[in-house]
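S.K.:
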């Protein structure tokens with residue numbers, strides 16, 4: 112089927128939309144072809160028009176940079192020492208810039224993720240200058256990772272780390288190179304394995320055994336079980352974050368130098384009830400430092416991964432090896448709140464989930480009394496009083 116022109120830069124072929132634009136003669140020397148042609152990956156005319164408009168603007172910006180570079184190159188002929196040298200960074204320089212701009216206040220795991228992505232890039236494509244990377248290198252990078260058995264979601268994440276780093280470098284230094292890693296598809300991603308929440312019987316059993324063992328890792332587990340806190344949020348708590356002498360005991364989840372929060376909406380106040388109140392009381396009584404769980408967090412390092420692995424190993428035989436882990440407490444809390452018909456915006460506030468509606472971002476949220484009322488309806492009867 113022949114192509115059908117739709118507008119200035121759009122045409123369709125077999126129902127799919129494509130972008131096409133001629134490269135102006137004065138910048139054609141920067142390209143391997145006389146026109147830019149790209150599949151837009153859509154059959155929707157409105158989506159295609161939006162994508163085409165963005166691409167047209169991006170090309171105009173790129174051509175403006177090329178023209179400016181050409182003018183500068185002409186003037187550089189008169190400089191002492193010759194033409195001058197254009198910055199042409201290598202992957203390690205891009206990685207360093209990315210970590211400097213995006214890594215501030217992030218956990219060690221973030222740095223490890225970035226290091227890993229750029230290590231893959233060096234292994235697969237080599238440590239060459241940015242100007243030498245072509246789209247075929249990005250495709251090779253993607254395909255090699257997929258061939259290793261890496262999940263499409265993980266491949267997409269690694270590509271995003273590389274692409275964002277390149278974009279930062281191009282933007283900050285006004286470089287004329289193309290970001291060949293941008294917009295690369297990773298195929299149909301496999302569905303993320305759904306976390307199955309704990310049953311009420313499993314929750315009771317785990318909370319009861321945590322009380323019997325009565326040590327720091329079990330206090331952490333019990334605290335999470337009746338608050339829905341993320342493990343990193345709970346592990347990085349300071350003693351001062353726990354308020355036991357208020358009318359409604361509660362914990363303040365707030366960022367610290369040793370433990371940032373995942374999102375802005377993660378900062379919140381959560382009532383302490385049932386197993387979580389018992390755990391907070393036990394941890395406060397035992398701690399001789401400013402940290403609630405000093406064996407896990409000392410202000411320099413937080414042993415989140417090791418503690419998670421330890422607790423997951425402890426949980427497994429107690430729930431029949433069902434694949435449920437520490438993070439399943441968080442999924443369970445959301446289900447428990449739904450089961451008592453808790454309003455969605457209160458669920459989001461208790462869990463630190465970003466609210467769906469724009470209007471919900473205004474105001475200071477629900478008072479502690481309201482949060483305690485709904486959270487109290489989920490607390491298991493056997494744990495309503497402390498021991």
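In this note's numbering, the protein residues as written are 112 to 498.
Ideal Cβ positions, reconstructed from N, Cα and C, are used throughout, including at glycine.
Measure the alpha-carbon distance for residue 468 versus residue 456 and round it to whole angstroms.
M.R.: For residue 468, the predicted model reports a pLDDT of 47, less than 50, meaning its position is unreliable and no value from the coordinates is stated.
S.K.: Helix, strand or coil for residue 481 per DSSP?
M.R.: Correct three-state label for residue 481: helix.
S.K.: Between the alpha carbons of residue 461 and residue 415, how many angstroms are there, rounded?
M.R.: 22 Å
S.K.: Looking at the unbroken beta strand (DSSP E) that takes in residue 382, where does it start and where does it end?
M.R.: 379-382
S.K.: Taking the alpha-carbon of residue 439 as reference, which of 339, 372, 391 has the nearest alpha-carbon?
M.R.: With distances taken between Cα atoms, residue 439 lies closest to 339.
S.K.: Pick out whichever of 377, 127, 275 has its Cα sitting closest to the Cα of residue 206.
M.R.: Ranking the options by Cα distance to residue 206, first place goes to 275.
S.K.: Tell me the residue span of the beta strand (DSSP E) that contains residue 277.
M.R.: That residue, residue 277, is in no beta strand (DSSP E); its alpha helix (DSSP H) goes 263-284.
S.K.: By a C-beta neighbour count over all protein chains shown, 10 Å radius and 16 as the cutoff for buried, is residue 142 buried or exposed?
M.R.: Per the 10 Å Cβ criterion, exposed.
S.K.: Look at residue 57 and residue 479 and say whether their C-beta atoms are less than 8 Å apart.
M.R.: The displayed coordinates of the chain run from 112 to 498. Any statement about residue 57 would go beyond what the structure contains.
S.K.: Beta strand (DSSP E) containing residue 129: first to last residue?
M.R.: Segment 127-133, the beta strand (DSSP E) holding residue 129.
S.K.: Give the DSSP bridge partners of residue 122, in chain order.
M.R.: In the DSSP output, where bridge partners are listed per residue, residue 122 has 116, 129.
S.K.: Taking only three categories from DSSP, how would you classify residue 240?
M.R.: coil
S.K.: Below 6 Å CB to CB, which residues in the same chain sit around residue 280 once its five sequence neighbours on both sides are set aside?
M.R.: Closer than 6 Å at the Cβ level, and outside the excluded window around residue 280, lie 200, 205, 208.
S.K.: Can residue 463 and residue 413 be called in contact, C-beta distance under 8 Å?
M.R.: no
S.K.: Where does residue 149 fall in DSSP's three states?
M.R.: Three-state DSSP puts residue 149 in a strand.
S.K.: Check this for me: beta carbons of residue 270 and residue 253, under 8 Å apart or not?
M.R.: For residue 270 and residue 253, yes; Cβs fall inside 8 Å.
S.K.: Taking only three categories from DSSP, how would you classify residue 219?
M.R.: Residue state, collapsed to three classes: helix.
S.K.: Out of curiosity, what's the CA-to-CA distance linking residue 372 and residue 341?
M.R.: 10 Å
S.K.: When the Cα atoms are used, what is the spatial distance from residue 242 to residue 288?
M.R.: Roughly 6 Å separates the two Cα atoms.
S.K.: What's the C-alpha gap between residue 203 and residue 169?
M.R.: 26 Å
S.K.: Is the beta carbon of residue 386 less than 8 Å from the beta carbon of residue 337?
M.R.: For residue 386 and residue 337, yes; Cβs fall inside 8 Å.
S.K.: Going straight from the alpha carbon of residue 156 to that of residue 332, what length do you get?
M.R.: 51 Å
S.K.: Grouping DSSP H, G and I as helix and E and B as strand, with all else coil, what is residue 364?
M.R.: strand
S.K.: Do residue 234 and residue 327 come within 8 Å of each other at the CB atom, strictly closer than that value?
M.R.: no
S.K.: Taking the alpha-carbon positions, what's the residue 491 to residue 161 distance?
M.R.: Between the alpha carbons of residue 491 and residue 161 lies a gap of roughly 52 Å.
S.K.: So, under 8 Å CB-CB, residue 403 and residue 353 are touching, yes? Tell me the CB distance rounded to an integer number of Å.
M.R.: Correct: roughly 6 Å between the Cβ atoms.
S.K.: So, residue 132 versus residue 167, is the Cβ gap smaller than 8 Å?
M.R.: In terms of Cβ geometry, residue 132 and residue 167 form a close pair [threshold 8 Å].
S.K.: Consult DSSP for residue 310 and reduce its assignment to one of helix, strand or coil.
M.R.: In this structure, DSSP gives residue 310 a state outside helix and strand, which the three-state scheme calls coil.
S.K.: Is DSSP giving residue 401 helix, strand or coil here?
M.R.: Annotated three-state conformation of residue 401 is coil, per DSSP.
S.K.: Please classify residue 144: is it buried, with 16 or more other beta-carbons within 10 angstroms of its beta-carbon, or exposed?
M.R.: When all chains shown are included, residue 144 counts as exposed.
S.K.: Thinking C-alpha only, which one of 227, 149, 261 is nearest residue 273?
M.R.: 227
S.K.: With residue 376 as the anchor, note down where its alpha helix (DSSP H) starts and where it stops.
M.R.: Premise fails: residue 376 is in no alpha helix (DSSP H) and is neither H nor E.
S.K.: Apart from the five residues just before and just after residue 138, which ones in its own chain have a Cβ nearer than 6 Å to its Cβ?
M.R.: Non-local beta-carbon contacts of residue 138 in its own chain, meaning distances under 6 Å to residues more than five positions away in sequence, involve 174, 177 in chain order.
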